[in-house]
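Below you'll find the structure, written out as structure tokens, and then a few comments.
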Amino acid sequence: MATLLVHHAIFASHQTSAGHPERPDRYRTVEAALGRPRFDALVRDEAEIAELDTTRYVHTNAYVDSLEAARPHEGYVYLDGGDTMMEPSTWEVVLRGVGGTVQAVDSVLAGTVQNAFVACRPPGHHAETDRAMGFCLFNNISIGARHAQLKHGLSRVAIVDFDVHHGNGTQEIFYSDPSVLYASTHQMPWFPGTGEARETGVGNVFNTPLAAGDGGDQLREAFEGRILPALNGFSPELIIVSAGFDAHERDPLGSLCMTADDFAWVTRELMAAAERHCEGRLVSVLEGGYDLQGLRESVSAHVAELMRG
Ligand SMILES: [Zn+2]
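The letter at position 304 of the sequence shown is residue 305 when you use this note's numbering, and the numbering goes up by one with no holes.
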């Protein structure tokens, strides 16, 4: 069965301030990489605009309404110091990020495709129930997990996050919810400061912090020693991946030393877990990745593995 790519040209909008690492060229790089002939077999869908109520699966009404009210007609509105901002195109961009994620979940659960990659920006895993943070406005991945439960009746959804930063928002949203497993590798100490191994939620959170300088060997230890066994114990009905590629050795926003081959390895392991537990059903959503060469190589390796599924 095929792999779905959910994308949309508007993800090259959402301008950010000069020198900001989370910039439109990130999307153009991903789109160019996945436009090459080796990716011709991808099924391609344009990301739809989510209903605003879909964002309320995980965010408070007060937060969603305040974001909607904050939309600028020109210039920037800053939500989180200088890190996270909105400009006039941002609202449609983030609603298509949510819509694209939900669409990918729908397609994978309908069985029309085996798995899916959502190429969107900005990322989402730092957005908390009622707070924008770290470039993120809506927590795409969490909304996708909740959508799978509310609209498709799934009981157990696993979220695996290999972005160099801990997904504080995703953890916060599901911290007392045993129906969603959250497992993360990330650099510590590092932004956002959460993600200690002792933060375990209700036994559903599996943080596996890595140290600056760690690379593929430590990634393998983290997955083989802790995260893959946790997935086996949980037996998810769907695996959703917070696919951040800023743990790449070239990335300016982290000090881990992963290569594209390491991302290919972790992709294969997650696909094998999905095969064991849920007929291979896996949805991957782009999070970070700020060095364009590192991003191009890593996304290519990740999606090429998905297509081998
Ligand atoms: Zn990140």
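Ideal Cβ positions, reconstructed from N, Cα and C, are used throughout, including at glycine. For clarity, every value in this text was computed on a predicted model and none was experimentally measured.
DSSP lists His187 as the beta-bridge partner residues of Pro210.
The beta carbon of Ser285 sits closer than 6 Å to those of Phe118, Val242, Ala244, all from its chain and outside the five residues before and after it, given in chain order. For the set Thr260, Asp247, Arg132, Thr17, the Cα lying nearest the Cα of Gln188 is the one of Asp247. A Cβ-Cβ distance of about 5 Å is found for the pair Ala274 and Leu232, placing them in contact under the 8 Å criterion. The stretch 126 to 145 makes no contact with the stretch 208 to 221: fewer than 3 CB pairs, one atom from each, lie closer than 8 Å. In the three-state DSSP reduction, Phe118 falls in the strand class (E or B).
The residue from Gly83, Arg157, Ala302, Leu43 with its alpha-carbon nearest to that of Thr113 is Leu43. Below 8 Å, enough C-beta pairs join the stretch 81 to 93 and the stretch 4 to 19 to call them touching: three or more. Residue pairing of Arg132 in beta bridges, as defined by DSSP: Glu129. Using a 10 angstroms sphere on the CB of Glu75, the tally of other CB atoms stays under 16, which defines it as exposed. Shown here, Thr55 sits in a helix according to DSSP, grouped into three states.
Shown in chain order are the residues whose CB sits closer than 6 Å to a heavy atom of ligand 1: Asp164, Val165, His166, Gly245, Asp247, Glu288, Gly289. Annotation: Glu288 is outside any alpha helix (DSSP H) and is labelled neither H nor E by DSSP. The three-state secondary structure of Ala159, taken from DSSP, is strand. Non-local C-beta neighbours of Asp46 in its own chain, meaning closer than 7 Å and more than five positions away in sequence, comprise Leu5, Val7, Gln104, ordered along the chain. Residue pairing by DSSP places Gly101 opposite no residue, since no beta bridge is assigned to it.
In the DSSP assignment, Leu229 falls within the unbroken alpha helix (DSSP H) covering 229 to 235.
Between Ser180 and Gly196 the beta-carbon gap is near 21 Å, outside 8 Å, which marks them as no contact. In the three-state reduction of the DSSP assignment, Ile144 falls in the helix class, which pools H, G and I. Assigned with DSSP and collapsed to three states, Glu47 falls in strand.
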